[in-house]
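For reference, the structure is listed below as structure tokens.
In this note's numbering, the protein residues as written are 5 to 228.
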């Protein structure tokens, strides 16, 4: 759980502090004390219809950690815009992304992990969330990218009732999508498989990552 809250300009500017980083979650450089207090933010990302909420809720239940539904943090203006079939631009998203990042950090005051659904379509959107690690070195940000084809997305979105995201928005989201490339904090899950397999794969990847941190903590104690 977060011990202290550090306030900086990065709460108000998307990219303050990120610099030209190409690697994230520098756990190997953490002290034994820092490793002992490590916290995790798990971002379940992907386009509309990829199954973010389903996977996040499953992981939250299995891991007994809090879950933040990213859509709930969109402003009314953003929801109205998407409901009218108008894609959001970067300016529409900055405030939303910063709100999600800050809410995730807030939840870490009462838990050592938190799950967040967030499309995180572009590298720079993912970078906004990564600022959490800059402000709080003990916080490790991980992305669970749900990879899926357009036909599957269209079918799933068409089947949803009462959601502001419409079918014609799927293509625009895929146009915006920048698939993770050489981003070491991203776990990719192919969601064209059946739902149960997708959930099981996501859980397996998360548990494997957590085991890596357990091993680092063990090694740090043995060498101290």
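Using N, Cα and C, we set each Cβ at its ideal position, and we do this for glycine too.
Just so we're clear, the structure is a prediction, and the values are computed from it rather than from any experiment.
Residue i classed as buried or exposed, judged by whether at least 16 other C-beta atoms fall within 10 angstroms
i: residue 37; result: exposed
i: residue 89; result: exposed
i: residue 196; result: exposed
i: residue 110; result: exposed
i: residue 137; result: buried
i: residue 113; result: exposed
i: residue 23; result: Only weak support exists for where residue 23 lies, its pLDDT of 47 falling under 50; the value from the coordinates is given anyway. Its Cβ having fewer than 16 others within 10 Å, residue 23 is exposed.
i: residue 26; result: Confidence is the limiting factor: at residue 26 the pLDDT is only 48, short of 50, which leaves the residue's position unreliable and the question unanswerable from this model.
C-alpha distance - residue i paired with residue j, whole-angstrom precision
i: residue 190; j: residue 94; result: 22 angstroms
i: residue 161; j: residue 201; result: 20 angstroms
i: residue 116; j: residue 87; result: 35 angstroms
i: residue 80; j: residue 227; result: 53 angstroms
i: residue 221; j: residue 85; result: 46 angstroms
i: residue 96; j: residue 102; result: 11 angstroms
DSSP-derived helix/strand/coil call for residue i
i: residue 56; result: helix
i: residue 151; result: strand
i: residue 192; result: strand
i: residue 44; result: strand
i: residue 113; result: coil
i: residue 205; result: helix
i: residue 119; result: strand
i: residue 50; result: coil
i: residue 72; result: strand
Top-ranked residue by Cα proximity to residue i, from the options
i: residue 131; options: 192, 153, 182; result: 182
i: residue 126; options: 98, 143, 144; result: 98
i: residue 71; options: 42, 84, 105; result: 105
i: residue 187; options: 35, 146, 91; result: 146
i: residue 175; options: 41, 158, 219; result: 158
i: residue 118; options: 206, 154, 69; result: 69
Cβ distance (whole Å) where residue i is taken to contact residue j below 8 angstroms
i: residue 48; j: residue 148; result: 5 angstroms
i: residue 44; j: residue 144; result: 5 angstroms
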